[in-house]
Structures are given as C-alpha cells and as structure tokens.
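Counting along the sequence shown from 1, when you hit position 481 you're at 481 in the UniProt record's numbering, and nothing is skipped either side.
The beta-carbon is built from N, C-alpha and C at its ideal position, and this holds for glycine as well.
Note that this is a predicted model, so its numbers are computed, not measured.
Below: the structure, in structure tokens.
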Amino acid sequence: MPPAHPPPCGVAPAAAATCPLFLLPRRSRSLRLRLRRLALPAPRAATHAHDAVLLRRAADAADRSAGLTSPHPNFGCVIARPQLETDNAEAWVVGEGFLYAQGTPCAELLAAQEAGEHARGATAYLNLEPGDCYGDSTAVSTLVQAGITRVVVGLRHPLKHLRGKAIQSLRNEGIQVDVVGEDLHSKLFKEALESCLIVNAPLLYRAAFRVPFSVLKYAMTADAEQKYPTMLYWKLAGKIAASSGHASWVSGKSSRGRVFELRGRSDAIIVGGNTVRLDDPRLTARHVKGHVPVRIVMSQSLNLPEEANLWNVHDAYTIVATQRGARRDLQKKLALKGVEVVEFDMLNPRDVMSYCYDRGYLSVLWECGGTLAASAISASVIHKVYAFLAPKIIGGVNAPTPVGELGMNQMTQAIDLIDVSYEQIDRDMLMSGFIQPIPDLSPVIPSVDEIPSVDPEVSPYETNIISFYKTWDTFGAFSNFSPHPIHMPDENGDYFTWPTVEHYYQAHKFIGVDDPQAREIVQEIKLAKSPEEAARIGRTRQREFQELVCLNVLVTSIFACYSRK
C-alpha cells in the first residue's frame with residue numbers, strides 16, 4: 001500500500017480539520033467540504049406561529065383590492081422561506097402579490113415573479129384556494145413551475161364547482177398542501193382564519209344566502225336622554241339629522257374619507273327617497289380611485305325631484321327601484337337622463353336584494369334613513385353595521401335616529417352585534433360589528449379524493465352555481481373582462497397588445513376620429529389598470545364627448561350583443 005500522506009502544514013491529523021482549505025490535498029479537501037455540509041445547521045422550519053403570521057399577511061394583501069375584483073374573490077399570495085439569521089416570519093417573505101382587479105394577473109403569478117429563484121423550495125401562503133370562472137390554471141401552474149414545495153391555504157373556495165379543485169391539482173403535482181382547519185388545527189390560526197373570512201365575506205354571504213353582502217352605515221350624534229328619572233341611567237339616542245331633516249356633515253372629514261373607502265368596496269349603494277329629497281347626495285367614491293359603485297334609490301311612490309345629483313349619470317350609474325305603475329311621467333323623464341327605472345310588484349328590501357343578486361353584485365352599502373334601515377334589518381338582509389359616533393349634540397324630540405321601529409319592547413329582544421370592533425377616527429368613534437356571522441361552509445367541504453368538475457350541462461339556476469355579471473355565461477367565461485390580452489391594431493394602425501377585450505372595445509369608440517381630445521382619451525384607456533377602469537373611462541368620456549364617438553363601433557357592439565344567442 002502506498003504510504004499515507006503526511007499531515008499538511010506539519011500538523012497532527014487531528015488538527016487537519018483546522019488547516020486552511022487551499023493547503024489540503026484534493027482528497028482531504030473534498031472530505032473537508034463534506035464535513036462542512038454535515039456541520040451546517042438544518043434550515044429553520046416554519047412553526048404554526050410563523051404560518052399564522054404569513055397567512056394573515058396574505059389576507060391583508062388580498063384586502064388591498066377589495067371592491068375592484070368583484071365579482072371574483074380577493075386573492076393574496078405570500079411566498080416565504082425560512083432564514084437562518086432571523087426568526088421573524090415577516091423577514092422570510094421573498095415574494096408577494098394580490099389580484100388587483102378582474103382581468104389582471106393572478107396573485108400567485110405576481111408573487112412568484114417577485115420571488116424569482118428564491119421561490120424554489122419555498123412555501124406559498126394563500127388566503128383562499130385558487131380558482132376563477134375562466135377555467136384558467138395559471139395560479140396552479142405558476143406555483144408548480146416556480147418550485148414551490150408547500151402551500152398553506154386559509155379557506156377552500158366557497159363555490160362548489162371550484163372547491164377543492166386547485167388543492168387536488170397541487171397535491172397531484174407532489175406539493176404539500178395544508179388547509180387551515182383540516183391539516184392545521186392550532187388555535188394560533190384563529191386570527192389568520194378570521195382575516196381570510198372577512199376579506200372574502202361578500203362572496204361567502206352570497207354563496208350561502210343567495211343575497212349580496214349588505215352593510216348598513218350611518219353617522220350619529222352623541223345625544224343622550226335619561227331612561228329612568230330616579231336612576232343614574234342614561235341611554236344613547238344618537239341623531240342622524242336635525243329635526244328639520246338636515247343631515248349633512250354629522251361626522252368629521254376623516255370619517256367621511258372612510259365612508260368613501262366603504263363605497264369603493266361596494267358594488268352598489270342604496271338610499272331611500274327621503275335621502276334624495278333632503279340631502280341631494282352624489283354617492284360617489286370620490287377621492288378613491290378605481291371602482292365606482294352603482295347608486296340605487298328605493299321609492300314606492302316615486303315622489304322624487306325631477307332634478308337631483310343622482311340623475312347625473314356621468315359620475316356613476318343610477319337605478320331607481322319603485323312600485324309598479326308609479327308616476328310613469330317621471331319614469332320617462334328619468335329614462336331620458338340615462339337613469340334605469342326598475343318596477344317591483346311590491347317594493348321591499350328582500351326583493352331588491354334578490355334583484356341585486358341576479359345582477360351579480362357581491363356587496364351592497366345601505367346609506368339610508370332609519371325607516372328603510374329598520375325595514376332592511378327586519379327582512380334579514382343586513383349583515384354588518386358601521387356606526388360613526390360624532391362628539392356632537394343636536395337634540396330634538398322628532399330628530400331621526402339611525403334605525404326606526406323594529407317592534408321590540410324589551411332590551412332582551414335587542415340584536416347583539418358579533419365580533420364588534422372600535423376605532424378612533426380623529427374626533428369620531430367608529431363601531432362595527434356583524435348582525436349575522438360569516439357563513440361557515442366547511443360542512444360541505446369534499447373529501448381529499450373528490451375532484452369537483454364543471455358540468456357544462458348544468459342549469460344556470462342550479463343553487464350550487466354562482467352567476468356573474470360582466471360575462472356571457474354561467475361561469476363567467478367569454479367576457480370582455482376576461483384576463484386574456486389580444487394583439488390588435490391601435491389608433492395608428494400598429495399592432496398593440498391590449499390587456500383585455502374591454503380595453504380594445506372602449507378605445508375603438510374614439511379611434512378614427514380626427515381630434516386631439518379623442519386621441520387623448522384613447523391613451524387614457526390604454527393605460528387603464530383593469531378592464532373595469534377602461535370601461536368606466538370609455539363610458540364616461542362617451543357621455544361627455546358624444547360628438548367624438550365612432551358610431552360604427554356602437555352599431556357593431558349592439559349587433560354582437562343581440563347575436564350571441
């Protein structure tokens with residue numbers, strides 16, 4: 001046998017491991033490298049506490065686009081990998097994304113693009129199981145191609161024809177999928193799960209109760225009256241207006257800013273006839289860019305003014321819900337202004353909510369007076385309450401209160417709000433809470449082996465299927481709002497990649513018109529972040545500059561609408 005190599009550097013064999021690597025013979029060097037690898041500490045594993053923090057961050061990311069994604073859920077994705085240097089879960093994040101709006105890239109794709117190579121071997125945290133009405137598998141394929149090895153899901157998809165489908169697809173690809181409440185049972189997930197529920201409460205309520213998620217919002221003063229003269233007991237009897245009915249600026253500027261945010265999260269805003277007559281509101285989400293909700297006025301007698309801010313449909317679309325046959329003369333005048341009038345055999349909150357459901361709305365904000373609020377609560381269509389309490393006193397025995405008569409005679413009959421929270425907003429106090437708990441759809445979760453599929457023969461009235469607006473079919477496919485770019489000519493005849501069909505359609509209302517204003521509008525539509533924004537810009541400019549609209553485009557679109565069937 002050949003003699004053994006003498007220890008390098010003139011040191012004993014036991015000390016060879018401490019010798020500089022470049023002085024070691026090749027065989028010893030490779031052994032030293034293997035020893036180094038064995039000596040490295042194992043990668044830090046994510047605990048339930050880490051998972052809960054990162055899942056809640058995914059829900060917070062999803063909430064950033066609330067109102068813009070409707071009628072689709074709010075999706076958020078956080079990609080993280082444990083770091084040896086820190087135990088702070090927030091520092092582990094390598095990628096984050098959320099669905100900005102319908103027709104824009106999915107949250108998983110955005111997060112994976114930000115993470116890059118760091119996504120390989122990492123964990124993805126999703127507030128909701130992926131799934132959309134287009135049958136698009138981008139979310140799942142993105143996670144697979146990025147090299148994600150584990151996915152933590154807050155909630156399975158609430159729609160039965162999508163529930164469990166993406167989870168099973170990920171597991172089929174060899175990815176470990178942990179679902180809160182099924183695979184993860186720690187109490188540490190309570191807050192994270194609650195965040196996942198709240199961020200998609202509109203879709204959960206709609207799927208469970210077949211009505212939009214309805215929020216009652218009001219601002220009231222801090223008036224108090226003595227309940228029992230012989231006792232030191234006072235009750236709050238806040239007023240939402242003066243005895244004259246004047247209700248402008250009950251709350252402060254900061255609170256009104258929060259109201260604009262609530263409007264921006266809603267598909268529709270509902271008021272009664274009294275609000276229109278006394279306040280003449282605009283009900284726009286001004287100061288909040290993006291989504292503009294539809295305005296709905298409920299009036300049985302149609303005792304409404306011929307001129308009102310709500311009849312200006314340049315700001316937003318307006319619907320008037322009334323009793324069948326009420327004031328046909330005013331109906332015609334409103335129609336000429338572009339206001340849609342809808343007649344009901346018997347006007348009531350329940351039927352109006354069913355109508356909103358049929359139109360595909362997910363969330364409705366009620367900014368009505370006490371009488372209509374009481375009627376809506378009695379009809380069990382209000383799910384959450386936002387009450388702004390202002391440090392003001394207005395007095396007045398006949399001054400209106402937030403909620404009218406509910407037929408309750410004892411305090412034991414009072415409606416207890418659930419999950420109540422309080423927030424100081426400048427000088428005002430905001431109290432919010434649920435009247436009806438967020439629906440728990442877990443009893444209908446399928447088994448691991450069950451793979452839901454979409455049956456093309458299913459009736460559109462099947463209770464397990466949700467109908468979407470802005471679409472042409474039951475599952476929402478084939479829509480101008482679909483997230484599929486098209487390569488078509490622009491105003492210069494050059495081929496341009498339009499983000500969606502809606503961008504292309506709205507821009508072509510003004511293409512071919514030799515006017516600087518028309519060209520400016522086309523550029524504005526091109527830069528719209530989502531198809532909904534493109535549609536809003538195109539429709540608004542169409543009303544403002546009717547002389548710039550290319551009639552051929554409108555005629556073609558009308559023909560297409562009526563020839564699809």
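**Request:** Specify the secondary structure class of A146 as computed by DSSP and reduced to three states.
**Result:** Residue state, collapsed to three classes: helix.
**Message:** With H, G and I counted as helix, E and B as strand and the rest as coil, what does DSSP make of S243?
**Reply:** Here S243 scores only 44 on pLDDT, less than 50, and its place in the model is too uncertain to base an answer on.
**Item:** Sequence-distant residues of its chain with Cβ nearer than 6 Å to W311 (five each side left out)
**Value:** So the qualifying residues of the chain are K337 and V339.
**Request:** State buried or exposed for L84, treating a residue as buried only when at least 16 other CB atoms are found within 10 Å of its CB.
**Result:** The residue in question, L84, is exposed, as its Cβ has fewer than 16 Cβ neighbours within 10 Å.
**Prompt:** Fully enclosed by the region 254–336, which alpha helix (DSSP H) runs are 4 residues long or longer?
**Reply:** Whole alpha helix (DSSP H) segments, 4+ residues: 273–279 and 328–336.
**Prompt:** alpha helix (DSSP H) containing T47: first to last residue?
**Reply:** Counting along the chain, T47 falls outside any alpha helix (DSSP H), and DSSP gives it neither H nor E.
**Item:** Endpoints, the beta strand (DSSP E) within which F98 is located
**Value:** Counting along the chain, F98 sits inside the beta strand (DSSP E) bounded by residues V93 to F98.
**Identity of the residue in T123, A308, S70 and G67 nearest A52 by Cα** = Ranked by how close their Cα comes to the Cα of A52, the residues T123, A308, S70 and G67 have T123 in first place.
**Assigned secondary structure, I175 (DSSP; H/G/I helix, E/B strand, else coil)** = Coil.
**Request:** With distances taken Cα to Cα, identify the nearest neighbour of I296 among V259, Y357, L126 and W366.
**Result:** Comparing Cα-Cα distances from I296 to each of V259, Y357, L126 and W366, the minimum goes to W366.
**Request:** Output the distance between the C-alpha atoms of F344 and T318, rounded to the nearest integer angstrom.
**Result:** Distance between the alpha carbons of F344 and T318: 16 Å.
**Request:** Provide the residue(s) that pair with P489 in DSSP beta bridges, ordered along the chain.
**Result:** Answer is Y495.
**Prompt:** Is it true that the region 192–200 meets the region 52–65, where meeting means three or more beta-carbon pairs spaced less than 8 Å apart?
**Reply:** Short answer: they touch.
**Message:** Considering only their Cβ atoms, is the gap separating L204 from P158 smaller than 8 Å?
**Reply:** Yes, the pair counts as a contact, with Cβ atoms nearer than the cut-off.
**Request:** Pick out the complete alpha helix (DSSP H) segments inside the region 350–432, 4 residues or longer, and give them in chain order.
**Result:** Taking only runs of at least 4 residues, the alpha helix (DSSP H) segments lying wholly in the region 350–432 are 370–378.
**Request:** Starting from the Cα of V313, find the closest Cα among A335, S375 and D494 and give me that residue.
**Result:** When A335, S375 and D494 are compared, the shortest CA-CA separation from V313 is found for A335.
**Asked** Which residue comes first and which comes last in the beta strand (DSSP E) that contains L214?
**Response** In the sequence on display, residue 214 carries Ser and not Leu. It spans F213 to M220 - the beta strand (DSSP E) in which S214 sits, taken as one unbroken run.
**Request:** Would you kindly report the start and end of the unbroken alpha helix (DSSP H) that includes V199?
**Result:** Run containing V199: K190 to V199, per the alpha helix (DSSP H) assignment.
**Item:** Within 8 Å, strictly: CB atoms of A329 and T284
**Value:** Checking the sequence shown, residue 329 turns out to be Asp, not Ala. No.
**Burial state of E547, where buried means 16 or more other Cβ atoms lie within 10 Å** = Exposed, because fewer than 16 other Cβ atoms sit within 10 Å of the Cβ of E547.
**Item:** Inter-residue spacing [alpha-carbon to alpha-carbon] between G512 and A119
**Value:** In this structure, the CA atom of G512 is about 46 Å from the CA atom of A119.
**Message:** Could you tell me the alpha carbon to alpha carbon distance between I525 and R519, rounded to whole angstroms?
**Reply:** I525 and R519: Cα-Cα distance of roughly 10 Å.
**Request:** Give the DSSP bridge partners of V168, in chain order.
**Result:** Note on identity: in this sequence residue 168 is Gln, with Val being the wrong assignment. According to DSSP, which records beta bridges pairwise, Q168 is partnered with nothing at all.
**Message:** So S266 and V364 are supposed to be a Cβ contact under 8 Å. How far apart are they, rounded?
**Reply:** S266 to V364, Cβ: 6 Å. Contact.
**Request:** Whole angstroms is fine: what's the gap from P41's alpha carbon to K190's?
**Result:** Residue confidence for P41 is low, a pLDDT of 43 falling below 50, so the modelled location carries little weight and cannot support an answer.
**Prompt:** Using 8 Å as the Cβ pair cut-off and three pairs as the minimum, do the region 490–507 and the region 527–538 touch?
**Reply:** A contact is defined here as three or more CB-CB pairs under 8 Å, and the region 490–507 meets this definition with respect to the region 527–538.
**Request:** Within its chain, find whatever has a CB closer than 6 Å to the CB of I382; leave out the 5 residues flanking it on each side and keep chain order.
**Result:** If we look at I382 and ignore the five residues flanking it on each side, its Cβ neighbours are S214, L216, A376 and I435.
**Message:** Can you tell me whether L262 is buried or exposed? The criterion is at least 16 other CB atoms within 10 Å of its CB, across all chains shown.
**Reply:** With a threshold of 16 other beta carbon atoms within 10 Å, L262 meets it and is buried.
**Message:** Would you call the region 175–192 in contact with the region 349–359, where contact means no fewer than 3 C-beta pairs closer than 8 Å?
**Reply:** Touching, no.
**Asked** Per DSSP, which one or two residues make a beta bridge with E343?
**Response** Bridge partners of E343: T322.
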